[in-house]
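Quick note on the working numbering: the sequence shown kicks off at 130 and runs consecutively.
The C-beta atom is built at its ideal place from N, Cα and C for all residues, glycine as well.
None of these values were measured; they are calculated from a predicted model.
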Amino acid sequence: KRLSSFKEVSAADAFQKRKLLEKEGGSPSKHAVGAPQTELQKIQKKVVGTPQTEIQKKMHAVEQSLTWSPAGGGGATSVPLWKDDDAGALLNPQEGSEAGYSGKVVENRVTVRGAPKDYEYLYDLCVKLERLKAQGFENPHFGDIIAVVEDEGDTKEEDGTITSLEGVIGGKTNTTYTANTDWINEDWINEHIVKDEKYDSIKFRFRDPMLFKQFDKTREKSRDDIIRTMVQKLLLHANDITQLELSHCLLPDSFLKILAGEVLKKPAESFPNLQLLNFESNLIHGPGIEALSEVILNESAWKYLQAIMMENQQHSMTNEAERALAEAVSRSPSIVVCSASIQSPYKLKEINDTLLYNGDQLRLARRDHQTKEGTLKDRKRTEIEVYFDSIALNESDVEEVEIVGDQKFLTLHDAEKAKSGEAFATNTSVKSVKMTHLGLQDDFAQMFGDAIANNTTIERV
């Protein structure tokens, strides 16, 4: 009974459990696979067998990760702890990292970054991103890429804040919402379409909180019927819409679940030119984000999606939603902006690293295109490149080089990373070199090895 109702396992619990099993005869491993005899052994047998209930699944995961000491050995027991009762993500109490997630991260990086690069597709993404930025999507919070587009009639304060009557009351409010969905027609859709012919952009914009305030979870069936009808009507404009903005409208998770379900029926034909999703300031936090992640993972869907905005939700994102979003973004070659409140530092780092990598690939695609067109100009060398140039030319008296996980270095092309190792060949001032967590590869090691074979001043590496 205790085992079937527990929610957290500590090292002390595991130790007592092992002692109890040993007292009843035999080692823990024998009871795990042998014929059950006592009540405790029957529970143990059930746990490590085929999991049937949710608690058994959790128990099964824990049992698989237990590291038992040999009988009588008295060694320490390593037992992972449940971080989140609902999500079931495991934390290692000694390392503080999510068990299994780092392996998935590496797998995603190998899959995405090791794949052949389609520079024509990436250059197309680059052009579309420039158009998106040119429309006024500039906000320091998103690294000069994403912000709110000003509407006619809006007034901009000195601090850059946009204020309008529509922004205060939540958008257009002249619709009478009823459960029969007759009001969701072409006129209603067109009322919320914003066209920008200059940048070939068509945005569906809905910011009225009254709809989902009226049809909340207490009227779930009617609400889902409304959402499904709305999505189906929007799909009639699927080839045209480049941006979906449904912010500040109390949008629930069920909207994203239904949207994802409809899109996955025909992923290649459902919003094929979609560039931006804005679901800020809503009620999205769990199943909806997981469903959205499934669409992003689909290789045929939303190939030009570049920005996702989901900040300022009423509830914190669930652990499973964070995990799903991080995995989806890490496998996407197109997303360069993901605005969301991520609590897990591991998932947040994976998302940020992916966005940085994708942005760098767009830069390389632009250079590849310019090279083919004969329009490539010599670029200005970056700060980190100039730093290593000064080391190579002995123009600096620096005695210690310490670069650890530097984002500017990580954005360098592999050839430039390798070239940094060559910089020490002729240097006579540097005595200590520390370069870690930089993704350095064998070509760097070879060049650095050749350099220090001739260098007489470096004492510590």
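Residues in the same chain with beta-carbon distance under 6 Å from residue i, minus the five sequence neighbours each way, listed in chain order, please.
i, result
"V530", "V559, V562"
"S525", "S519"
"Y252", "A494, H498"
"I418", "A450, L454"
"T358", "T310, I313"
"F577", "G550"
"A457", "S422, I425, L426"
Out of the options, state which residue places its alpha-carbon closest to the alpha-carbon of residue i.
i, options, result
"A552", "P245, E249, D325, D579", "D579"
"Q361", "F573, S473, L388, V323", "L388"
"E315", "P338, H366, S410", "H366"
"F573", "I587, T511, A547, D353", "A547"
"H566", "Q536, E588, A521", "Q536"
"Q264", "I513, Q404, Y516", "Q404"
"T305", "D325, L380, P338", "P338"
"I322", "T347, L373, I356", "L373"
"I464", "D325, Y433, N407, R334", "Y433"
"N427", "H444, D369, A397", "A397"
"E545", "R336, Y475, V515, S468", "V515"
"Y248", "K327, A521, N487, D325", "N487"
"Y82", "N448, P462, L569, N411", "Past the boundaries of the shown model lies residue 82; the chain is included only from 130 to 590, so the question cannot be answered."
"M564", "L505, I532, I318, I425", "I532"
"E320", "E326, K327, V466, R336", "R336"
"R260", "Y250, E326, W317, I318", "E326"
"L569", "F517, C378, G503, L539", "L539"
"Q443", "E502, G415, L421", "G415"
"W317", "T500, N583, L363", "L363"
"L406", "C255, T504, V466, E349", "V466"
I'd like the span of the alpha helix (DSSP H) that includes residue i, first residue to last.
i, result
"M339", "339–343"
"R260", "248–263"
"I520", "512–521"
"Q490", "474–502"
"Q361", "349–364"
"A552", "Unbroken run through A552: none, as it is neither H nor E."
Return helix, strand or coil for residue i, following the three-state DSSP convention.
i, result
"G202", "Note that G202 scores a pLDDT of 37, beneath 50, so its modelled location is shaky; the value from the coordinates is reported in the next line. Of the three classes helix, strand and coil, the one that applies to G202 here is coil, per DSSP."
"Q536", "helix"
"R336", "coil"
"I581", "helix"
"V530", "strand"
"K324", "strand"
"N448", "helix"
"I318", "helix"
"S330", "strand"
"I387", "helix"
"M439", "coil"
Beta strand (DSSP E) containing residue i: first to last residue?
i, result
"S561", "561–565"
"V466", "466–468"
"A420", "First-last for A420: 416–426, but that is the alpha helix (DSSP H), not the beta strand (DSSP E)."
"E374", "372–374"
"L405", "405–407"
Kindly list the residues whose CB is nearer than 8 Å to the CB of residue i, restricted to its own chain and excluding five residues on each side of it in sequence; keep chain order.
i, result
"S351", "A308, F344"
"E512", "K537"
"I471", "M446, E451, L454, A455, L477, I480"
"H542", "L493"
"I355", "Y306, A308, T310, I313, L340, F344"
"E528", "S558, V559, K560, S561"
"C378", "G299, G300, F335, R336, D337, P338, L340, F341, N411"
"K509", "none"
Just to check my reading of the structure: residue i and residue j have Cβ atoms closer than 8 Å, yes? What is that Cβ distance to the nearest angstrom?
i, j, result
"N481", "N523", "Contact doesn't hold; Cβ gap of about 36 Å is too wide."
"I413", "M438", "With 8 Å as the limit, I413 and M438 do not qualify as a contact, their Cβ atoms being about 11 Å apart."
"A436", "V392", "About 17 Å separates the two Cβ atoms, so there is no contact after all."
"L385", "F341", "With 8 Å as the limit, L385 and F341 do not qualify as a contact, their Cβ atoms being about 13 Å apart."
"S383", "D353", "6 Å"
"Q490", "K246", "7 Å"
"F401", "N441", "Reading off the sequence shown, one finds Pro at residue 401, where the question assumed Phe. That belief does not hold up - the Cβ atoms of P401 and N441 are roughly 29 Å apart, past 8 Å."
"I425", "S468", "About 15 Å separates the two Cβ atoms, so there is no contact after all."
"S330", "T371", "5 Å"
Given residue i, which residues of its chain have a CB within under 7 Å of its CB, disregarding the five upstream and five downstream residues?
i, result
"K394", "none"
"V587", "Residue identity differs from the one stated: residue 587 is Ile in this sequence, not Val. Closer than 7 Å at the Cβ level, and outside the excluded window around I587, lie F553, V559, K560, V562, I581."
"F408", "L375, S376, L380, M438, M439"
"T585", "none"
Verify the CB distance criterion: does residue i have a CB-CB separation below 7 Å to chain C?
i, result
"Q435", "Of the chains in the structure shown, none is chain C; there is only one protein chain."
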